[in-house]
Amino acid sequence: MQRPSFPADFHEDLVSLTDVVIDSSESLCISVRSFFRDIKTVRDNAHKVSFYEKESDKLTSNLQRKIFESSLALDQKMHLRYFVEKIDQIADQAEDIADELQIYSIKRLI
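When we follow my numbering, the leftmost residue of the sequence shown carries the number 412, and every step to the right adds one.
See the structure below:
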């Protein structure tokens, strides 16, 4: 089991990234619920997922830049980058699901 140790310098950025990823996932849940309750609102909620995913990408890039500009050993940098990417992939998957949900909602309206 891997247990990354993020230095305190990165905690604030990591919390910000995690919060945005959580917001993306929560928006996806709302979008899925609206698919069954009010299909016309799926699009609006899916746009929120896309917005949070873009924010997640920005925060990920900034955090990775900070990690590689730090004085940590290269193996530690690679290890931290791996975990940051895994957190960001959650938002990427949420966006992919939201895109598919929009397609299904259009098909359902036809």
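Even glycine gets a Cβ: it sits at the ideal position worked out from N, Cα and C. Given the structure is predicted, the values throughout are model-derived calculations rather than measurements.
Worksheet item: Beta carbon of Leu470, beta carbon of Leu428: below 9 Å?
Response: yes
Discussion item. Does Leu439 pass the burial test, meaning 16 or more other C-beta atoms within 10 Å, or should it be called exposed?
Written reply: buried
Discussion item. Given this structure, state the Cα-to-Cα distance separating Phe479 from Val431, to the nearest angstrom.
Written reply: 22 Å
Practice prompt. Using a threshold of 9 Å, state whether the C-beta atoms of Glu506 and Ser445 are closer than that.
Written response: no
Worksheet item: Around the Cβ of Gln513, are there at least 16 other Cβ atoms within 10 angstroms (buried) or fewer (exposed)?
Response: buried
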